[in-house]
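Protein chains in written order, with the working numbering: chain A, 283 to 620; chain B, 283 to 620. Note that the Cβ used here is the ideal one computed from N, Cα and C, for glycine as well. The structure appears right after this line, and notes come after that.
Protein chains: 2
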Amino acid sequence: MVETVYDVVSVGNAIVDVLSKVGDAFLKERDLPKGMMTLVNAPEAGKIYADIIAEREVSGGSAANTVAGLASLGADCAFIGKVHDDELGQLFQRDIGAAGIDFFTPPLLAGEATGRSVVLVTPDAQRSMFTYLGAARRLSVEDIDEKIISEARITFIEGYLLDEENAHSAVLKACELAHKYGREVAFSVSAVSCIEKNRELMLDIIKNQVNILFANEAEIKALFDTDDFNKALDLIKPLVDIAAVTRDRHGSVIVHGREKIFVEAEQITDVVDSTGAGDLYASGFLYGLVTGRSLGTCALIGGITAAEIISHYGARPEVSLRGLVRKKLIEYGKRPSL
Amino acid sequence: MVETVYDVVSVGNAIVDVLSKVGDAFLKERDLPKGMMTLVNAPEAGKIYADIIAEREVSGGSAANTVAGLASLGADCAFIGKVHDDELGQLFQRDIGAAGIDFFTPPLLAGEATGRSVVLVTPDAQRSMFTYLGAARRLSVEDIDEKIISEARITFIEGYLLDEENAHSAVLKACELAHKYGREVAFSVSAVSCIEKNRELMLDIIKNQVNILFANEAEIKALFDTDDFNKALDLIKPLVDIAAVTRDRHGSVIVHGREKIFVEAEQITDVVDSTGAGDLYASGFLYGLVTGRSLGTCALIGGITAAEIISHYGARPEVSLRGLVRKKLIEYGKRPSL
């Protein structure tokens, strides 16, 4: 077996988040849906982008956020995703490089611009997101680097990729390569909208390819088209080795064979921006796994890293997660072996 | 710190179980309570003992059963408890020696006979137990061997000892010595009757001395005088590092800081004799702990060892638990680190 170089390689949409504060009138005048994520095409994106003052541009993308969190925890990571060699693409590359993450996917030199998510924050602190995938949707099987996948203990894939035909083939390629080298596949279902659009395909991949699944309560229910949370937990049990299901302030549940592990959430007083909570929970959980912690401790670490990300704007950590987690675990009196 | 020689030393009542089949009339004629454990004095015990045909005499005692299970799993164990140097006392010593357990407590050479529990099995398969503690109640602080406690990673104590003044002092001595050497104390609350008789004292010991607590659902509720199981779990949480609560066919729950781990029970078709289920659950759980498994796996192993013991008469294992557990864990596809 090949030595591992990476703890985790993630495959996902390379996206830059463009944050802007707007009034409610801005959304109403343009008939834009509020409080959710909407995929938009190039002209639509251009129109919104032209009208706003971009307050902050920060690298994002679900699977990219997860490896950024892992890198901040001290894990060795790589990212596979597609940008254009434009201004936002260079920003994305700079951020991911600064985080110490290997990112070798060749950028587009022509065609679609780098993917972006325009995040409009209204005075009521709600976030309405308009995502133009752009270059990200050009990710193809050729971009799935066999060497990197073979050298990573875990290949983490975001479900959003299933929305695109090209990227969908890339997902299957990544899964097959990971298993070819005896590695594990982790998968995030990403969003209820993504599940509803791709349920059969997603269930098929989960059942046949996925070892470690990430979802939240609404998503796991949507996956099995049920309102019964416990039923959904029982249905996911035989399909994967480990399912980590987040429940906001109720913490998370880990389903692993005959065990169900309920872990309390961190107590936080002020949620500033919940974007990235799921992505960073996955960072903490996977960090626990690759460092050989128990599943309960993995979930605890996921809770700590998720709590950090929602205490500020943006989905990339603003402190050293490694130090934060070490401090918190000592505070909780965790013995190293548990 | 002193090297450990033992994984677990247990301290408890040294008891021989005397099994006998009787008709319902036997109980009625003597006005004996059915289906529960009753403490009896020497004349009462003598009277019952004289009237029965002792079908089988097998070593028992809660904490002794637990180390017998641990030894069968491959752990290094010692036992501290008091027998008389009589026929039943020699049987007890022979059994515990054959199991490979160190047992150096000097036997009584005069006074009370070896403790025994006369187990009357009626045709409806119910068990009515009449326990004469005898020599067991003479366990004193002098019997708590500092060297053995200092060399054991975990000192396991049965709650039944709190029923006797002498033994109660011995319990405190064992706890203090364990902590003096940086070891851990595991404690079983033993029975609802034992809790009701000693609630304040027991809670005091649990809070100040115990790291790992064993109880079943009825017992943990009795401990906090509540009918609300979840409330009882929340109340035990701050008092100990780990609480392992068994729930018969519903498996067990482990409470550990912010984690609650629910583990399914083994599926068994035929429960022959439930005596020793709690004792052997503790064997499996502690074996998991001393071999560095996750708490979920500890509970799983506890379920496997408990299932073995209730599939036959008597509270000592009839197969190599080590082989059984290894086979079952492979069957469940457990990865060694989980």
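Based on DSSP bridge pairs, tell me the residues matched to residue i.
{"i": "Met318 of chain B", "result": "Paired residues: none, contrary to the question."}
{"i": "Phe385 of chain A", "result": "A:Phe361"}
{"i": "Val545 of chain A", "result": "A:Ser534, B:Glu541"}
{"i": "Val527 of chain B", "result": "B:Ala497, B:Val535"}
{"i": "Glu440 of chain A", "result": "A:Ser470"}
{"i": "Leu390 of chain A", "result": "A:His366"}
Determine the closest residue to residue i out of the options, with distance taken between C-alpha atoms.
{"i": "Gly574 of chain B", "options": "B:Glu541, B:Arg435, B:Ala452, B:Glu600", "result": "B:Arg435"}
{"i": "Ile335 of chain B", "options": "B:Ala456, B:Asp367, B:Leu301", "result": "B:Leu301"}
{"i": "Val554 of chain A", "options": "A:Arg420, A:Thr587, A:Ile592", "result": "A:Ile592"}
{"i": "Glu541 of chain A", "options": "A:Arg529, A:Arg531, A:Ala525", "result": "A:Ala525"}
{"i": "Ile477 of chain B", "options": "B:His461, B:Thr508, B:Tyr463", "result": "B:Thr508"}
{"i": "Asp486 of chain A", "options": "A:Arg409, A:Leu521, A:Thr396", "result": "A:Leu521"}
{"i": "Asp299 of chain A", "options": "A:Gly371, A:Ala332, A:Glu339, A:Phe469", "result": "A:Glu339"}
{"i": "Met411 of chain A", "options": "A:Leu421, A:Gly397, A:Val423, A:Glu424", "result": "A:Gly397"}
{"i": "Leu577 of chain A", "options": "A:Ala456, A:Val537, A:Leu390", "result": "A:Val537"}
{"i": "Ile518 of chain B", "options": "B:Glu394, B:Glu499, B:Asp289", "result": "B:Glu499"}
{"i": "Gly558 of chain B", "options": "B:Val287, B:Val291, B:Ile297", "result": "B:Ile297"}
{"i": "Ser341 of chain B", "options": "B:Arg598, B:Leu606, B:Leu603, B:Arg604", "result": "B:Arg598"}
{"i": "Gly393 of chain A", "options": "A:Gly615, A:Gly371, A:His594", "result": "A:Gly371"}
{"i": "Val679 of chain A", "options": "A:Ile330, A:Pro325, A:Asp368", "result": "The structure shown does not extend to residue 679 of chain A, since chain A is modelled only from 283 through 620, so no value can be given for it."}
{"i": "Gly363 of chain A", "options": "A:Gln408, A:Pro325, A:Leu421, A:Phe374", "result": "A:Leu421"}
{"i": "Glu369 of chain B", "options": "B:Phe385, B:Phe361, B:Ala395, B:Asp384", "result": "B:Ala395"}
{"i": "Phe651 of chain A", "options": "A:Lys479, A:Ser292, A:Val453, A:Asp523", "result": "For residue 651 of chain A there is no data in the structure shown, the boundaries of chain A being 283 and 620."}
{"i": "Val423 of chain B", "options": "B:Pro388, B:Gln408, B:Glu433, B:Arg409", "result": "B:Pro388"}
{"i": "Gly605 of chain B", "options": "B:Gly343, B:Glu458, B:Thr587, B:Asp333", "result": "B:Thr587"}
{"i": "Lys489 of chain A", "options": "A:Ala452, A:Arg409, A:Asp523, A:Asp561", "result": "A:Asp523"}
{"i": "Val287 of chain B", "options": "B:Leu355, B:Glu433, B:Asp367, B:Glu337", "result": "B:Glu433"}
{"i": "Val527 of chain B", "options": "B:Asp516, B:Ile502, B:Thr551", "result": "B:Ile502"}
{"i": "Phe308 of chain B", "options": "B:Lys479, B:Val365, B:Arg409", "result": "B:Arg409"}
{"i": "Phe469 of chain B", "options": "B:Ser475, B:Val453, B:Leu352", "result": "B:Val453"}
{"i": "Asp367 of chain B", "options": "B:Leu391, B:Gly560, B:Asp358", "result": "B:Leu391"}
At a CB-CB cut-off below 8 Å, which residues of chain A make contact with residue i?
{"i": "Phe544 of chain B", "result": "Glu541, Lys542, Ile543, Phe544"}
{"i": "Ser576 of chain B", "result": "Ser576, Leu577, Gly578, Leu620"}
Just to check, is the beta-carbon of residue i closer than 7 Å to a non-hydrogen atom of the ligand NAD?
{"i": "Phe308 of chain A", "result": "Because no ligand of any kind appears in the structure shown, any question about the ligand NAD cannot be addressed here."}
Anything in chain A within Cβ reach of residue i, meaning under 9 Å, just list it in chain order.
{"i": "Glu566 of chain B", "result": "A quick correction: the sequence has Gly, not Glu, at residue 566 of chain B. Result: empty, since nearest Cβ-Cβ is about 14 Å, beyond 9 Å."}
{"i": "Leu582 of chain B", "result": "Gly539, Arg540, Glu541"}
Taking Cβ-Cβ distances shorter than 9 Å, what residues in chain B pair up with residue i?
{"i": "Tyr614 of chain A", "result": "Gly539, Arg540"}
Is residue i close to chain C? Criterion is C-beta to C-beta, closer than 8 Å.
{"i": "Cys476 of chain B", "result": "Looking at the structure shown, chain C is missing, and the protein chains on hand are A and B."}
**Asked** Taking the runs of the alpha helix (DSSP H) that are 4 residues or longer, which of them lie wholly in the segment 394 to 438 of chain A?
**Response** The qualifying runs are 428 to 432.
**Request:** Take every Cβ of the segment 476 to 493 of chain A, pair it with every Cβ of the segment 536 to 555 of chain A, and state whether three or more of those distances are shorter than 8 Å.
**Result:** Between the segment 476 to 493 of chain A and the segment 536 to 555 of chain A there are fewer than three inter-stretch CB-CB distances shorter than 8 Å, so the stretches are not counted as touching.
**Item:** Cβ pair count under 8 Å reaching 3, the segment 334 to 353 of chain A against the segment 438 to 452 of chain A
**Value:** By the Cβ rule, the segment 334 to 353 of chain A counts as touching the segment 438 to 452 of chain A, because three or more pairs are nearer than 8 Å.
**Asked** Are the segment 426 to 435 of chain A and the segment 396 to 407 of chain A touching by the rule of at least three beta carbon pairs closer than 8 Å?
**Response** Cβ pair count under 8 Å is below three, so no.
**Message:** In chain order, what are the residue ranges of uninterrupted beta strand (DSSP E) at least 3 long that sit wholly in the segment 286 to 367 of chain A?
**Reply:** Complete beta strand (DSSP E) runs here, min 3: 288 to 293, 297 to 303, 319 to 321, 338 to 342, 359 to 362.
**Message:** If we require 3 or more residues per run, which beta strand (DSSP E) segments fall completely within the segment 445 to 525 of chain B?
**Reply:** Whole beta strand (DSSP E) segments, 3+ residues: 466 to 470, 494 to 498.
**Prompt:** Okay, do the segment 444 to 451 of chain A and the segment 413 to 420 of chain A touch, 3+ Cβ pairs below 8 Å being the bar?
**Reply:** Yes, they touch.
**Request:** Indicate whether the contact test is met: 3 or more Cβ pairs, each with one atom in the segment 600 to 612 of chain B and one in the segment 577 to 591 of chain B, closer than 8 Å.
**Result:** In this structure the segment 600 to 612 of chain B lies against the segment 577 to 591 of chain B, because at least three pairs of beta carbons, one per stretch, are closer than 8 Å.
**Message:** In chain order, what are the residue ranges of uninterrupted alpha helix (DSSP H) at least 4 long that sit wholly in the segment 551 to 584 of chain B?
**Reply:** Assignment of alpha helix (DSSP H) within the segment 551 to 584 of chain B, counting only whole runs of 4 or more residues, yields 559 to 572 in chain order.
**Asked** For the segment 558 to 572 of chain A against the segment 308 to 321 of chain A, are there 3 or more C-beta pairs whose distance is under 8 Å?
**Response** No, the segment 558 to 572 of chain A does not touch the segment 308 to 321 of chain A.
**Request:** Take every Cβ of the segment 458 to 467 of chain B, pair it with every Cβ of the segment 554 to 569 of chain B, and state whether three or more of those distances are shorter than 8 Å.
**Result:** Between the segment 458 to 467 of chain B and the segment 554 to 569 of chain B, the count of C-beta pairs closer than 8 Å stays below three; the two stretches do not touch.
**Message:** Tell me whether the segment 378 to 398 of chain A and the segment 304 to 312 of chain A touch, counting them as touching only if at least three CB pairs, one residue from each stretch, are closer than 8 Å.
**Reply:** Not touching, per the Cβ criterion.
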